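Remarks on the structure that follows.
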């Protein structure tokens, strides 16, 4: 069996997250343009559920498996990324609140605006976060992390 490459796994998960972020953004835009529709609202709920569950698990794996190894060398980048993870959790609470409010009263324009603003914030934060990891952090890590450390990170993912 081939060894698990944690960085490749994280990048693959980023690609999947980007698909769901695009769905989330499109559903939000549909709701904003065309007012409430069950179809767009259900798409938004499905996409936000992925973000809540899968992305939270992804962030936990990064923080437990890869970040401690990176922090043996430098702490600044991981501190910023951990802060992004915390900010994402806070914004996601706003998103859940907006979903609940709109679900209770489907013609609540304020709830719709707040929901769409939370979506915009999540999408912007996550796209920038993914870009930072994929284009800056991971290529840098590949240059200095040892094969032994990569296996160590992989073990923590099993």
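Numbering (the numbering used here), first residue to last: 509 to 666.
Don't be surprised by glycine CBs; every beta carbon is placed ideally from N, CA and C.
Values in this document were obtained by computation on a predicted structure and should not be read as measured data.
Query: With DSSP run on the structure shown, which of helix, strand or coil describes residue 509?; Result: Bear in mind that a pLDDT of 39 at residue 509, under 50, signals an unreliable position, so the model cannot answer this.
Query: Buried or exposed, going by whether 16 or more other CB atoms sit within 10 Å of the CB of residue 606?; Result: buried
Query: Okay, do the stretch 518-530 and the stretch 577-591 touch, 3+ Cβ pairs below 8 Å being the bar?; Result: no
Query: Out of curiosity, what's the CA-to-CA distance linking residue 619 and residue 601?; Result: 14 Å
Query: How far does the alpha helix (DSSP H) with residue 548 in it reach, from first residue to last?; Result: 546-558
Query: Pairing CB atoms from the stretch 581-598 with CB atoms from the stretch 609-617, are three or more of them under 8 Å?; Result: no
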